[in-house]
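To start, the structure itself, in structure tokens.
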Amino acid sequence: MMSGLFFEILNAFGLAPERCRIKPIGSGHIHDTYLVDQCGEGHPPLILQRINTYVFPDVVVLMSNMERVTAHVAFKNRKEGRDPATSGLVLVEATEGKSWVGNEEIGYWRMFWFIENQHSYERAEGNDMAFEGGRAIARFQHLLSDMDPSLVSEVIPHFHDLRFRLENFMISREKASKERSGAARALIEMVEQYSDEALHILSESEKLGLPGRLVHNDTKFNNILFNSEKKATCLIDLDTVMPGYSWFDVGDALRTCATSSSEDEEDVRKIDFNLETFKAFAHGFISGGSAFLTADEISLLPGAPVYFSYMQGVRFLTDYLEGDVYYKTAFPGHNLQRARAQLTLTGKMLEKKSQMHDFIMSLK
Ligand code: ADP
Ligand code: GN1
Ligand code: MG
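Here's what the structure looks like:
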């Protein structure tokens with residue numbers, strides 16, 4: 023039986039709730055995502071999402087960004103001969119011309135058309151898939167390259183600013199309970215140990231005056247949809263499209279796709295960074311971005327996965343110290359385990375950084 027809440031939400035999107043079945047889908051840490059099966063010919067499936075208002079308190083601004091970004095992507099897809107409905111996220115209209123429904127009591131909800139026959143992967147299954155992922159991310163940045171960045175508001179200020187993340191981490195360390203800071207001691211030392219090397223790419227980018235671009239900012243590998251031939255279709259999870267450096271999307275994707283284990287691997291002995299996956303991904307990204315990437319942007323790529331696995335470790339550890347307020351967790355200590363995995367991965371990446379660098383230089 024469908025709950026009264028879902029009944030009300032589906033009605034507000036003009037659907038017939040009595041015909042629909044709803045089931046949870048995805049493994050994201052922020053929103054609650056559902057597949058809505060309308061159970062009938064001519065009534066395609068849809069994606070329903072409850073927006074996390076702790077992370078995105080200003081729903082109006084968030085959805086205004088989403089409307090503009092999805093519209094621009096759809097326009098570009100159409101212009102380049104692709105069907106916008108099957109090559110990018112498209113919002114479902116709610117009542118009164120809005121792209122969302124809700125209030126404080128029932129939460130805030132939005133819908134997208136479901137793109138059929140797609141798969142998402144936690145990690146790259148082979149080098150071809152890594153290449154495809156890299157190319158899809160470059161293509162996405164290219165799609166946005168002619169969009170006016172001022173049309174997109176900064177929904178999460180300092181989102182990928184590691185210096186800001188480290189300041190927050192210090193504050194949470196001071197305020198944390200004795201129990202949590204005790205459990206985090208070894209990881210706090212790892213944060214201190216790797217900070218200079220992780221920050222290196224940021225200072226280099228500033229020194230070189232790297233171009234700012236509209237980028238995706240949440241390119242966890244499972245945010246890329248692949249078709250049944252394992253060709254990348256598009257990127258999803260577009261909430262955080264904001265100005266940034268092109269390597270942001272490379273770093274976050276490699277952190278997730280070029281590893282031997284999951285983001286929250288418990289057994290640190292299983293964690294390693296796969297250099298061949300890095301090479302294939304970088305190849306895909308550089309070839310997909312050949313129309314716009316500068317030589318400096320390419321030369322800095324080896325620092326990108328280091329920055330992102332480290333920053334993710336810092337973010338998970340901060341959330342643990344703050345009492346697990348940001349990310350969804352599946353068990354007590356989950357954020358601590360995630361932080362341990364990400365900081366261990368950072369160490370493995372640093373061991374291979376000179377090999378990554380040699381590879382990137384060999385492409386010139
Ligand atoms: P979250 O990561 O917050 O759970 P996503 O928007 O990434 O939410 O969606 C979760 C999963 O649902 C994705 O990994 C993908 O497999 C599937 N999915 C999401 N949106 C679509 C869509 N428009 N078409 C097809 N599949 C989708
Ligand atoms: C969150 O929504 P999801 O799970 O794709 C987070 C990302 C983190 C990721 C870590 C808005 O992404 O920044 O990299 O978890 N999104 C936000 O798994 O904070
Ligand atoms: Mg996702």
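Okay, so the sequence shown: first residue is 23 according to my numbering, each after it adds one. Beta carbons: idealized from backbone N, C-alpha and C, even for Gly.
(request) Using 7 Å as the cut-off, classify the Cβ of alanine 135 as near or not near the heavy atoms of ligand 1, replying yes or no. (result) Contrary to the premise, residue 135 reads as tryptophan rather than alanine in this sequence. Because some heavy atom of ligand 1 lies under 7 Å away, the Cβ of tryptophan 135 counts as near it: yes.
(message) Which residue marks the beginning of the alpha helix (DSSP H) containing lysine 229, and which one marks its end?
(response) Per DSSP, the continuous alpha helix (DSSP H) segment holding lysine 229 begins and ends at 207-230.
(message) Whole angstroms are fine: how far does the CA of serine 25 sit from the CA of leucine 385?
(response) So the alpha carbons of these two residues sit roughly 56 Å apart.
(request) Could you please give the first and the last residue of the uninterrupted beta strand (DSSP E) stretch that includes isoleucine 246? (result) Element bounds for isoleucine 246: 246-248.
(request) On the DSSP bridge assignment, give the partners of cysteine 256 in chain order. (result) Looking at the DSSP assignment, cysteine 256 forms a beta bridge with Leu247.
(request) Count the CB pairs spanning the stretch 274-283 and the stretch 95-110 that are closer than 8 Å, and state whether there are at least three. (result) Counting Cβ pairs under 8 Å, fewer than three are found: no touch.
(message) Relative to the C-alpha of serine 172, which candidate in Gly266, Leu113 and Ala146 has its C-alpha closest?
(response) Residue Gly266 is the option with its Cα nearest to serine 172.
(message) To test your reading of the DSSP string, which unbroken beta strand (DSSP E) runs of 3 or more residues are found completely within the stretch 68-108?
(response) Counting only runs of 3 or more, we get 68-72.
(request) Within the same chain, show all residues whose beta-carbon is closer than 7 Å to that of proline 324, passing over the 5 residues directly before and after it, in chain order. (result) Scanning its chain for C-beta atoms nearer than 7 Å, with the 5 sequence neighbours on each side dropped, one finds around proline 324 the residues Lys375, Met378, His379 and Ile382, in chain order.
(request) Helix, strand or coil for methionine 192, going by three-state DSSP, please let me know. (result) Annotated three-state conformation of methionine 192 is helix, per DSSP.
(message) Distance check for threonine 241 and threonine 55, CA to CA, integer angstroms please.
(response) Whole-angstrom Cα-Cα distance: 17 Å.
(request) Could you please give the first and the last residue of the uninterrupted alpha helix (DSSP H) stretch that includes threonine 55? (result) Annotation for threonine 55: no alpha helix (DSSP H) segment contains it, though the beta strand (DSSP E) segment containing it runs 54-59.
(request) State the CB to CB distance for the pair alanine 363 and aspartate 286, rounded to an integer number of angstroms; the pair is presumed to be in contact (CB under 8 Å). (result) Contact between alanine 363 and aspartate 286 holds: CB atoms are separated by about 6 Å, below the 8 Å threshold.
(message) Could you check whether the Cβ of glutamine 140 sits closer than 7 Å to any heavy atom belonging to ligand 1?
(response) A distance criterion of 7 Å places the beta-carbon of glutamine 140 in contact range of ligand 1, judged by its closest non-hydrogen atom.
(message) Just to check my reading of the structure: leucine 111 and valine 177 have Cβ atoms closer than 8 Å, yes? What is that Cβ distance to the nearest angstrom?
(response) Contact doesn't hold; Cβ gap of about 16 Å is too wide.
(message) Is it buried or exposed, valine 263, if we count other Cβ atoms within 10 angstroms and call 16 or more buried?
(response) Valine 263 is buried by the Cβ-count criterion.
(message) One question on the structure: do methionine 88 and valine 114 come within less than 8 Å of each other, judged by their Cβ atoms?
(response) With a cutoff of 8 Å on beta-carbon distance, methionine 88 and valine 114 are scored as not near each other.
(request) Compare the C-alpha of tyrosine 76 against each of Asn244, His164, Tyr130 and Arg41 and name the closest. (result) Comparing Cα-Cα distances from tyrosine 76 to each of Asn244, His164, Tyr130 and Arg41, the minimum goes to Tyr130.
(request) On a CA-only basis, which of Ala313, Ser309, Phe303 and Arg202 is nearest leucine 339? Give me that one, please. (result) Nearest C-alpha to leucine 339: Arg202.
(request) Examine ligand 3 and report whether any of its heavy atoms sits within less than 7 Å of the Cβ of isoleucine 159. (result) Residue side-chain check: isoleucine 159 keeps its Cβ at 7 Å or more from all non-hydrogen atoms of ligand 3.
(message) With H, G and I counted as helix, E and B as strand and the rest as coil, what does DSSP make of isoleucine 44?
(response) Looking at isoleucine 44 - three-state DSSP - the assignment turns out to be strand.
(message) Measuring only from the beta carbon, is glycine 306 closer than 7 Å to any heavy atom that is part of ligand 1?
(response) Relative to ligand 1, glycine 306 has its C-beta separated by 7 Å or more from all heavy atoms.
(message) I want to check one thing, is the minimum distance from the CB of histidine 379 to the heavy atoms of ligand 5 below 7 Å?
(response) Judged by which ligands are present, ligand 5 is missing from the structure shown, whose ligands are ligand 1, ligand 2 and ligand 3.
(message) Per DSSP, what are the beta-bridge partners of leucine 323 in this structure?
(response) Beta-bridge pairing links leucine 323 to no other residue.
(request) On a CA-only basis, which of Leu372, Ser250, Ala38 and Thr92 is nearest aspartate 261? Give me that one, please. (result) Closest by alpha carbon: Thr92.
(message) Following a CB-centred definition, is histidine 65 positioned closer than 7 Å to any heavy atom of ligand 1?
(response) Checking every heavy atom of ligand 1 against the Cβ of histidine 65, none is found closer than 7 Å.
(message) If you reduce the DSSP assignment to three classes, tell me which class methionine 24 lands in.
(response) The three-state reading of DSSP puts methionine 24 in coil, since its state is none of H, G, I, E or B.
(request) Can you grab the Cα-Cα spacing for the pair glutamate 118 / valine 82, in whole Å? (result) Rounded to whole angstroms, glutamate 118 to valine 82 spans 14 Å at the Cα level.
(request) Leaving out five residues on either side along the sequence, give the residues of the same chain with a beta carbon under 6 Å from the beta carbon of tyrosine 216. (result) Cβ neighbours of tyrosine 216 beyond the five flanking positions: Tyr332 and Thr368.
(request) Check each residue's C-beta against every heavy atom of ligand 3 and list, in chain order, those closer than 5 Å. (result) Result (chain order): Gly50, Asn245 and Asp259.
(request) Rounded to whole angstroms, what's the CA-CA distance from glutamate 30 to valine 123? Just pull it up for me. (result) Cα to Cα, glutamate 30 sits roughly 10 Å from valine 123.
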